[in-house]
Amino acid sequence: MTRNSDEVAFLRATAVKGSESPSEIAEKIGSARAYALISFALTVSANRRFPDGTLPSEIGDYVAGLKDRYPDASQILKPTVAEAVIRAALGEHDRLEGIDPDDASVLLFFLAHVLTIEADLDQVEVEKFISQVIELADSAT
């Protein structure tokens with residue numbers, strides 16, 4: 028199956044530290060498709076980082092450490108929202124009730140990127156990640 032090169036570049040920018048900005052590539056693929064891809068990128072990355080059996084407190088501890096690891100993102104990091112976005116990606120969709128959609132959207136992109144780069148995927152794993160995310164997004168449409 029032929030993959031869209033802009034979608035691959037978008038997901039590679041999400042998965043590989045130091046890649047080009049995913050926001051510029053997102054414009055090429057359109058906001059709806061970019062949102063679908065980043066949503067599934069977060070789902071895949073969150074499930075890798077927080078497998079079944081992960082305690083809510085472990086997610087809370089992870090979120091609490093984000094400001095220390097990413098001080099430049101302190102303006103957008105709202106712990107309650109970040110935890111809700113991660114838990115929604117893990118299947119607890121009701122966690123987003125009452126959350127400002129703009130806050131959640133900003134953190135969706137940030138968390139997908141952070142969780143993926145922190146996984147420190149090798150080249151083969153990055154390709155698998157990209158394929159998995161595109162497959163999930165395609166099956167959802």
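Quick note: the sequence shown uses this note's numbering, first residue 28, plus one each step. Quick reminder that beta carbons are idealized off the backbone N, C-alpha and C, glycines included.
From residue i to residue j, what does the alpha carbon distance come to, in whole angstroms?
i, j, result
"residue 157", "residue 62", "15 Å"
"residue 90", "residue 106", "6 Å"
"residue 127", "residue 149", "35 Å"
"residue 75", "residue 122", "19 Å"
"residue 71", "residue 77", "10 Å"
"residue 140", "residue 80", "23 Å"
"residue 88", "residue 73", "14 Å"
"residue 118", "residue 132", "17 Å"
"residue 30", "residue 144", "22 Å"
"residue 102", "residue 154", "32 Å"
"residue 161", "residue 98", "31 Å"
"residue 46", "residue 120", "30 Å"
"residue 166", "residue 159", "11 Å"
Considering only C-alpha positions, which residue in the set the options is nearest to residue i?
i, options, result
"residue 129", "104, 141 and 165", "104"
"residue 125", "118, 111, 136 and 133", "111"
"residue 58", "46, 47 and 37", "37"
"residue 109", "161, 41, 93 and 160", "93"
"residue 43", "147, 60 and 131", "147"
"residue 168", "100, 60 and 46", "60"
Quick check on residue i: buried or exposed, where buried means 16 or more other Cβ atoms within 10 Å of its Cβ?
i, result
"residue 142", "buried"
"residue 82", "exposed"
"residue 116", "buried"
"residue 114", "buried"
"residue 151", "exposed"
"residue 53", "buried"
"residue 164", "buried"
Inspect the beta-carbon positions of residue i and residue j and report whether they are closer than 9 Å.
i, j, result
"residue 34", "residue 56", "yes"
"residue 69", "residue 138", "yes"
"residue 135", "residue 50", "no"
"residue 32", "residue 40", "no"
Is residue i near the ligand FAD, going by C-beta to nearest heavy atom under 8 Å?
i, result
"residue 135", "Among the components of this structure there are no ligands whatsoever, and the ligand FAD is therefore not found."
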